[in-house]
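Have a look at the structure below, then the notes.
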Amino acid sequence: MNPTNPSIAYRIVSLIVLPIYRLLFRGKTFGNENVPKHGPLVVVANHGSYLDPPLLGHVLGRPVSFMAKAELFQIPFIGKVIRACGAYPVQRGASDRQAIRLATNRL
């Protein structure tokens, strides 16, 4: 995913996430002025729900690319959607050099 030009899938997911976050959850964010709008950024999140990655992507106010467990990419619909949104797989339980290289390249 190009951080300056997010994919159509990323934009569609953002349109879905916005009303869920703002209206259903009445979500609020604080400290967004500390998040740089451009340039490399690493955000590390330990999430407890499948909604956390799209919500985090929404509240940061800039396109993000998530490292996601490789098993998610094997689920037919979900795998295609998260890949189209810029996510890339990481093998858990071992040192995944390919995922680290890809993360470095995206920065």
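Going by numbering that gives the first Met the number 0, the sequence shown opens with residue 0, and the numbers climb by one from there.
For every residue, glycine included, the Cβ atom is placed at its ideal position computed from N, Cα and C.
Report, in whole angstroms, the separation of the C-beta atoms of residue i and residue j, which I expect to be a contact under 8 Å.
| i | j | result |
| --- | --- | --- |
| MET66 | TYR87 | 6 Å |
| PRO62 | GLY26 | Between GLY26 and PRO62 the Cβ distance is about 19 Å, and since that is not below 8 Å, they are no contact. |
What does residue i pair with, by DSSP beta-bridge criteria?
| i | result |
| --- | --- |
| TYR87 | MET66 |
Who are the Cβ neighbours of residue i in its own chain at under 8 Å, not counting the five residues just before and after it?
| i | result |
| --- | --- |
| THR28 | VAL58 |
| HIS46 | PRO52, LEU55 |
For residue i, which residues from the same chain have a beta carbon less than 6 Å from its beta carbon, with the 5 sequence-adjacent residues on both sides left out?
| i | result |
| --- | --- |
| ARG105 | SER64 |
| PHE72 | GLY78, PRO88 |
| LYS68 | ARG91 |
| PRO52 | PHE65 |
If you measure between the beta carbons of residue i and residue j, is that distance less than 9 Å?
| i | j | result |
| --- | --- | --- |
| VAL42 | LEU55 | yes |
| TYR20 | ALA83 | no |
| ASN33 | GLY60 | no |
Given a threshold of 16 other Cβ atoms within 10 Å of its Cβ, counted over all protein chains shown, does residue i qualify as buried or as exposed?
| i | result |
| --- | --- |
| ILE81 | buried |
| ALA5 | A small correction: the amino acid at residue 5 is Pro; Ala does not occupy that position in the sequence shown. Buried: at least 16 other Cβ atoms inside 10 Å. |
Can you name, in chain order, every residue of its own chain whose Cβ lies under 7 Å from the Cβ of residue i, other than the five neighbours on each side?
| i | result |
| --- | --- |
| PRO39 | LEU106 |
Hey, does residue i have any beta-carbon neighbour from chain D nearer than 9 Å?
| i | result |
| --- | --- |
| ALA86 | Absent from the structure is chain D; it holds one protein chain and no more. |
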